[in-house]
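Start counting the sequence shown at 375; every next residue gets the next number (the numbering used here). Remarks on the structure that follows.
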Amino acid sequence: MDAPRLPPELAATLASAWLSLAGEPCAFTSLDAMPPRLPGDACFLLPVLRADLREAGRVLLVLGDDDAHHLGASMFGLPLDELAPADVDDANAELCNIFGSCVVKALDDSHELELGLPERTSVGHVEELCAGCPPRLTLAATLGPRHVVVAYFEDDPLPPPSSKELRHG
């Protein structure tokens, strides 16, 4: 399948959402492939569903540990040392939901796709997903030290990871 043409407004929409939630600027550009993941990365998968509730694909959000915690602190208005792991996960799941909505709106001309609930996953599961099928679309932050990647995979061939694989960052 040919790579989709990236809607020009998608990168700007993601940057605007990041600025609103994290309070810092971040620019996104399209990549041809997924950048490497790091062991401490926070990874979230958001199922994209057809009208019959079968999975059409998944949105993947990968954030570096620093960015994941910074986002949580910004969204909850807490100092980093008062941020609980559940707060970090909640903030990052919300970002995955927002970014996923932006990606689906940009790619789904038929407006028939729905979003499931974002779930934290392991870096190992992301590695398996990336090895199994390349993403249809990958965008990454390109401003300063940001480590934020958003990708869309069609027809995810892997089952969700077991809860034993998940850990809080």
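Backbone N, C-alpha and C fix where the C-beta goes; we use that ideal spot for every residue, glycine too.
Please name the residue, chosen from the options, that lies closest to residue i on a Cα-to-Cα basis.
i           : options               : result
residue 432 : 426, 442 and 421      : 421
residue 478 : 447, 454 and 512      : 512
residue 493 : 401, 411, 466 and 483 : 466
State the Cα-Cα distance for the pair residue i and residue j, rounded to the nearest angstrom.
i           : j           : result
residue 382 : residue 470 : 20 angstroms
residue 489 : residue 523 : 19 angstroms
residue 393 : residue 500 : 26 angstroms
residue 415 : residue 439 : 5 angstroms
residue 402 : residue 446 : 20 angstroms
Write down the C-beta distance between residue i and residue j rounded to the nearest angstrom, noting that I regard them as a contact closer than 8 angstroms.
i           : j           : result
residue 417 : residue 395 : The pair is not a contact, with the Cβ atoms about 18 angstroms apart (cut-off 8 angstroms).
residue 481 : residue 424 : Not quite, the Cβ-Cβ distance comes to about 13 angstroms (not below 8 angstroms), so this is no contact.
residue 521 : residue 437 : 6 angstroms
Residues in the same chain with beta-carbon distance under 7 angstroms from residue i, minus the five sequence neighbours each way, listed in chain order, please.
i           : result
residue 526 : 431, 433, 477, 481, 509, 510 and 511
residue 444 : 396
residue 413 : 497
residue 442 : 416, 462, 466 and 543
What span of residues does the beta strand (DSSP E) with residue i cover, start to end?
i           : result
residue 403 : 402 to 404
residue 512 : 511 to 515
Could you pull the start and end residues of the alpha helix (DSSP H) that residue i belongs to?
i           : result
residue 502 : 497 to 506
residue 421 : No alpha helix (DSSP H) contains residue 421, which is instead part of the beta strand (DSSP E) from 416 to 423.
Please tell me whether residue i has its Cβ less than 8 angstroms away from any Cβ of chain C.
i           : result
residue 523 : No chain C appears in the structure shown, which is made up of a single protein chain.
I'd like the list of long-range same chain contacts for residue i, defined as Cβ closer than 6 angstroms, with 5 residues on each side in sequence excluded.
i           : result
residue 448 : 396 and 397
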